[in-house]
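K.L.:
In the working numbering, the protein residues as written are 33 to 283.
Even for Gly, the Cβ is constructed at its ideal location relative to N, Cα and C.
Keep in mind it's a predicted model, so treat the numbers as computed, not measured.
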Amino acid sequence: MPTLRTLQPGDEVSLESFLLQHTDTSMFLRSNWRAVGLLDQGARFQGTYIAAYIDETIVAVAAHFWNGMIVIQAPVHLPEVVQAVVAQSGRAISGISGPAAQVEATKSILGFSNGPTQLDEAEILFSLGLRDLQIPEALASARVQCRLPHPEELELLTEWCAAFSVETLGQRDIPSSTTASRLVIEARQSMTMHWVLVEEDTPVAYSAFNASLPDIVQIGGVWTPPALRGKGYAKSVVAGSLLDARSRSHL
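1. Quick check on the burial criterion: 16 or more other C-beta atoms within 10 angstroms. Buried or exposed for Ser99?
2. Fully enclosed by the segment 171-203, which beta strand (DSSP E) runs are 3 residues long or longer?
3. Note down the Cα distance separating Phe97 from Leu229, rounded to an integer number of angstroms.
4. When you compare each of Ala94, Lys267, Asp205 to Ile128 by their alpha carbons, which one comes out closest?
5. Keeping to the same chain, check which residues put their C-beta closer than 8 Å to that of Thr224; ignore five residues upstream and five downstream.
6. Among the residues of its own chain, which have a CB less than 6 Å from the CB of Pro257, if the five just before and after it don't count?
7. Taking the DSSP output, what are the residues bridged to Phe97?
8. Would you mind giving the Cβ-Cβ distance between Ile104 and Thr149, rounded to the nearest angstrom? I have them listed as a contact below 8 Å.
9. For Thr234, which three-state DSSP category applies?
10. Can you name the residues that DSSP bridges to Gly252?
11. Just the C-alpha distance for Gly272 and Thr35, rounded to the nearest angstrom, thanks.
12. Would you call the CB atoms of Leu110 and Ile125 closer than 8 Å?
13. Could you please give the first and the last residue of the uninterrupted beta strand (DSSP E) stretch that includes Arg37?
14. Do the CB positions of Ser236 and Val254 come within less than 8 Å of each other?
15. For Gly147, list the residues DSSP reports as bridge partners.
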């Protein structure tokens, strides 16, 4: 049987060593702990982490984050870490993220298999080595520019973020959705994790990173207003964000 432990400051090296074995499906876990550490005081990106150890080596992890999301990387001992992290955190559960098979198993462990959900799908992840990035002509010729948003653009980007959540995530278009979107945009601005594409100084598209690490990033929140779609703006803002990330890291 494994030994279960609540991770604390000082456990970062062991955690990272395990998560690097599952890089493509551990980005939220890696990005969150690197952003705020392993203490859980309920702040943004913080969570309670439970790890299963065999002979002092981590073999499974589950985290229950500030926003109610359970994020898992548990190829073995999944029931043990999931049940322990829910009991330890004491939080309500808002969702589950991780490798698809493990998410399905976690739903069963927690008794959610037949319950209603706002969004329930397995996302296909695409990967790209940035040496293979192809720059869209509009971006290469500077007809459009991709840059970090200006403060005066954040209100517009909040509206776009709320619209993205309604269209893509199935959220209801209510005032609380706009409030939540404002907090997301402000956090991304403070962490320089989002970009706007402009044409003649007019914002036309948006992209953000859901997770950002020295060796890998995950794109999320790509949005072009419906009236501006079909013009290639989305691929330009994604390429521009990746060029910026590459210039600032070892990607």
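P.N.:
In this structure, then:
1. One detail in the question is off: residue 99 reads as Asn in this sequence, not Ser. Classification for Asn99: exposed.
2. The segment 171-203 contains these whole beta strand (DSSP E) runs: 177-179.
3. 31 Å
4. Ala94
5. Leu180
6. So no residue of the chain qualifies.
7. Gly79
8. With a Cβ gap of about 17 Å, Ile104 and Thr149 do not count as contacting.
9. strand
10. For Gly252, which the question treats as bridged, DSSP gives the partners Ala240.
11. Cα to Cα, the separation comes out at about 45 Å.
12. no
13. 35-38
14. At residue 236 the sequence reads Val, which differs from the Ser that was named. No.
15. For Gly147, which the question treats as bridged, DSSP gives no partner whatsoever.
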